[in-house]
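To start, the structure under review is shown below, and the notes come after it.
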Amino acid sequence: MSAISVSQLCKSYDGRQAVQDLSFEVQKGETFALLGPNGAGKTTTIEILEGYRQADSGSVSVLGLDPEKQAAELKRRTGLVLQTTALEPELTIKETITAFARLYGAPREIAAVLVDVNLAHLQDNRVGNLSGGQKRRLEIALGIVGDPELIFLDEPTTGLDPEARRKIWTLIQRLNDNGSTIVLSSHYMDEVQALASRMAIMVDGQIAAEGRPRDLQRQHCTHSTIRFDADGKLPAGFPAKLAPITTVHDGHAELVLEDPAPALGILMSWAEAEGHDLSSISVTRQNLEDIYLQLVSQRQAKPQGATP
Amino acid sequence: MLIQEAIHQLRLFSRRPAAVFFVIAMPLVLLIVLTQLFGNEKIQGLGLNTAQFYTPALAVFGVVMACFTYLAVSTATARDLGILKRVRGTPMPPAVYICARIIAVSVIAFVSLVLVIATGALVFGVEIIWERAPAAAVVAVAGALCFASLGMMVTALFRSSETVQAASSAAIMPLAFVSDIFVRPSTETSEWVPLIGNLFPLRHFSIAFQRAFDYAYEGNGFALPDADGVVYSILPHMGVMALWGIGAAIIAARFFRWEPRAI
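This is the structure in structure tokens:
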């Protein structure tokens, strides 16, 4: 059964279309990620699902509920981590979690939550003295203390250092292992690849690509790049067959090919025969990050509101 | 949930030294300074000692600092920090959260009021007329609710904690001077000062509360016949406070926003 079902969702602010005809499903128990640059409509989408905003049109169902009309029931069953940090600096970590726990009918054990987010040793510290990563982990604690079926994490690691991000990843992976459904938004492809079982790349309020990271990789990452050092122009005697498809810039020669093997064969025999030094050669398959950047730049090059 | 949230709000207040100073200590300091400044003797034309006048006046000021200024500024600050928005994402009903904040500031106001009156009585020999305590309590509760309502209105009309802070101070400080709080009424005051004061709820709050300490009158405090038998009633004052309070509540409910201003 679907935990979330979104169909033809539209939302605009002052005539600017933030989300346009958006449709997707999230299955129970999966970690679903919305990936996209700033202004892609990720937060708008999540805040409609959370019940903070009203859709202009389209239908939204979260845990079988309508976020507008059944907000009270929805809030009992979901946990939130909003995009911006919102904590009272005067309270201690433990007081903050306790204050949230009492708002839920059957909250989780506070001591267990403290251990889960790795803040037990700091439980009596004032929130105002915590680092950015610690504050974010505390907010995740507030998101899970009500023992929710569904957790929304809006850009949980934006602005954090790499170590703090890793710690939060581990924490999110553990949440998913416990069977919670997770909806995550992010602008980092590495984060989405590490955490999400399925993802949608959002650009300009629309989904540009959707699927499991592995499938997207297979569908979209169709080219490899062969690269080696070359000074300004191709070396003398370079194989004529490859010369038309080889470009030279910034001290590199590059060939972009679906299947790099035949070209590699030609290059190798040429280098061996001519005694040319090819020790700088590398072959890289396109990765999802490249695909993501490509989709973002393609879409953003189009005029606002254009259909794909 | 309501009581727990009110206790939570009281804990937050206790951790904010600046707020504790302005709400709890400032009225006490003013009471001591003003009484020393003017000397604790009979005020001409009023028949009261300096402290007998300033004690209820500054008790009212403390209530207003808690219910109006602190409520408005702390709520606006919580909104700026995104805390109000976050609270909306929990199962706590919004009305419970707002009521808990109002209960919390009312408790703070009560503590401030009791401290001012106790200091007046113990240090400056202010006479407490116990039979008027119920009337004084009714006036204090009405004033607390009226100014809490005004505080929420200011938070609703201004979008950041800085502007809320500025607006609430700009409203209260001048009014306190024309509302028989900082300045003792005297025969030399021009006639328009009380007229302006009477348009706003603060003077009605302070006069109605001061009557409970005014031994020039007799009676239980709700209706006070003076020496000539003219009955002085607190009802008109309560009426003005009710009008302002209800009006402010309607405006607050209409314009209140939970989300911080978009950056």
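Protein sequence lines correspond, in order, to chains A and B.
This note's numbering applies: residue 1451 is where the first sequence begins, and numbers increase by one.
This note's numbering applies: residue -5 is where the second sequence begins, and numbers increase by one.
C-beta atoms are modelled at their ideal positions from N, C-alpha and C, and glycine is treated no differently.
In this text the structure is predicted, and so the values were computed from the model without any measurement.
- About 6 Å separates the beta carbon of methionine 235 of chain B from that of phenylalanine 199 of chain B, a gap short enough to meet the 8 Å contact definition.
- For isoleucine 77 of chain B, the C-beta contacts it makes with chain A under 8 Å involve Ala1536, Leu1537, Glu1538, in order along the chain.
- Out of B:Ala94, B:Ala131, B:Asp222, B:Asn34, the CA that lies nearest to the CA of glutamine 204 of chain B is found in B:Ala131.
- The Cβ atoms of aspartate 174 of chain B and arginine 197 of chain B sit closer than 8 Å to each other.
- Put simply, the backbone Cα of threonine 1697 of chain A is about 18 Å away from that of histidine 1726 of chain A.
- Distance between alanine 1570 of chain A and proline 87 of chain B, taken at the CA atoms: about 30 Å.
- Linking alanine 1549 of chain A to arginine 9 of chain B through their CA atoms gives a straight-line distance of about 16 Å.
- For the set A:Asp1640, A:Ile1601, A:Val1577, the Cα lying nearest the Cα of leucine 1625 of chain A is the one of A:Ile1601.
- Bounds of the beta strand (DSSP E) holding threonine 1631 of chain A are 1631 to 1636.
- In chain order, Arg153, Ser154 place their CB closer than 7 Å to the CB of arginine 255 of chain B, counting only its own chain and leaving out the 5 sequence neighbours on each side.
- Between the beta-carbon of glutamine 1643 of chain A and that of proline 1612 of chain A there is about 15 Å, and that puts the pair past the 8 Å contact cut.
- Judged by DSSP secondary structure, glutamate 1475 of chain A falls within the beta strand (DSSP E) whose first and last residues are 1466 to 1477.
- Here leucine 78 of chain B really is in contact with tryptophan 252 of chain B; their C-beta atoms are around 5 Å apart, less than 8 Å.
- Between the region 1727 to 1743 of chain A and the region 1658 to 1675 of chain A, the count of Cβ pairs shorter than 8 Å is three or higher; the stretches touch.
- Judged by their CB atoms, glutamate 1500 of chain A and threonine 1528 of chain A are nearer to each other than the 8 Å cut-off.
- Taken atom to atom, the span from the alpha-carbon of alanine 247 of chain B to that of phenylalanine 62 of chain B is near 16 Å.
- Residue pairing for tyrosine 226 of chain B: DSSP places it in a beta bridge opposite B:Leu218.
- Exclusion of the five residues before and after aspartate 1604 of chain A leaves Thr1493, Ile1496, Val1531, Leu1532, Gln1533, Ser1635 as the residues of its chain whose Cβ lies within less than 7 Å of its Cβ.
- Here the alpha carbons of glutamate 1589 of chain A and leucine 75 of chain B stand approximately 14 Å from one another.
- Nearest C-alpha to proline 1557 of chain A among A:Gln1748, A:Ala1490, A:Ser1462, A:Ile1594: A:Ile1594.
- Between tyrosine 1638 of chain A and alanine 160 of chain B, the alpha-carbon positions lie close to 41 Å from each other.
- Any Cβ of chain A closer than 8 Å to the Cβ of glutamine -2 of chain B would place that residue at the interface, and such an atom is present.
- With fewer than 16 other CB atoms across the displayed protein chains lying within 10 angstroms of its CB, tryptophan 186 of chain B is exposed.
- The beta-carbon of glutamate 1500 of chain A is placed less than 8 Å from the nearest beta-carbon of chain B.
- Within 7 Å of the CB of methionine 86 of chain B, the CB atoms of chain A belong to Leu1553, in sequence order along the chain.
- Taking a Cβ-Cβ cut-off of 7 Å, the neighbours of arginine 80 of chain B in chain A comprise Leu1532, Ala1536, given in sequence order.
- The C-beta of arginine 255 of chain B comes no closer than 8 Å to any C-beta of chain A.
- With contacts defined by Cβ atoms closer than 8 Å, isoleucine 228 of chain B and valine 133 of chain B form a contacting pair.
- Taking 8 Å as the upper bound on Cβ-Cβ separation, chain A lies near residues Arg5, Leu6, Arg9, Arg10 of the region 3 to 31 of chain B.
- Taking the CA atoms as reference points, asparagine 1488 of chain A sits about 49 Å from alanine 136 of chain B.
- Phenylalanine 1688 of chain A is outside the set of residues whose beta carbon lies under 8 Å from a beta carbon in chain B.
- Less than 8 Å separates the beta-carbon of glutamate 1475 of chain A from that of isoleucine 1454 of chain A.
- Just measuring C-alpha positions, the residue of A:Leu1645, A:Leu1610, A:Asn1579, A:Arg1586 sitting nearest leucine 1564 of chain A is A:Arg1586.
- Contact of alanine 1549 of chain A with chain B is assigned, a C-beta pair being separated by under 8 Å.
- Glycine 213 of chain B has a beta carbon lying at 8 Å or more from every beta carbon in chain A.
- Within the region 1687 to 1723 of chain A, not a single complete alpha helix (DSSP H) segment reaches 4 residues in length.
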